[in-house]
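Note sheet for the following structure.
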Amino acid sequence: MMHVDLNQPAELTLWPGHVPARAAEMRSFPTLRAALDAAAEAINGQDATPWIITDSGDILAPNWIRAFTAMALP
Numbered sequence: 365m366m367h368v369d370l371n372q373p374a375e376l377t378l379w380p381g382h383v384p385a386r387a388a389e390m391r392s393f394p395t396l397r398a399a400l401d402a403a404a405e406a407i408n409g410q411d412a413t414p415w416i417i418t419d420s421g422d423i424l425a426p427n428w429i430r431a432f433t434a435m436a437l438p
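Just so it is clear: in the sequence shown, position 49 is 413 by the numbering used here, and no numbers are missing.
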């Protein structure tokens, strides 16, 4: 798994997972850590498909986000 700076700003895009996607919700976060927390909540609570773009230009796909948040659980 690639190393990413969890303290860099990030943009989270949530695509609906249960209905045909016509529009996505985008939110900015001051840290990637905060964006990952929000993405994990959206996966579990809204059945959403998250994508994250970091301030350094990395694009984190839904499978990467799921794997990373699963590893980060205590």
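Note that beta-carbon positions come from the ideal geometry of N, C-alpha and C, so glycine has one too. Here the structure is a predicted model, which means the values were calculated and not measured.
Check: In angstroms, rounded to a whole number, what distance separates the CA positions of Leu-396 and Met-390?; Outcome: 14 Å
Check: Go to Arg-397, then tell me how far its alpha helix (DSSP H) extends in each direction, as first and last residue.; Outcome: 396-410
Check: Mind checking Pro-394: buried by the 16 CB within 10 Å criterion, or exposed?; Outcome: exposed
Check: Can you check whether the CB of Thr-418 is closer than 8 Å to the CB of Gln-372?; Outcome: yes
Check: Which residue comes first and which comes last in the beta strand (DSSP E) that contains Ala-374?; Outcome: 374-379
Check: Alpha carbon to alpha carbon, how far is His-382 from Ile-407?; Outcome: 11 Å
Check: Exposed or buried, Met-365, counting other C-beta atoms within 10 Å across all chains shown (16 or more means buried)?; Outcome: Low confidence applies here, because Met-365 scores a pLDDT of 48, under 50, leaving its location unreliable and the question unanswered by this model.
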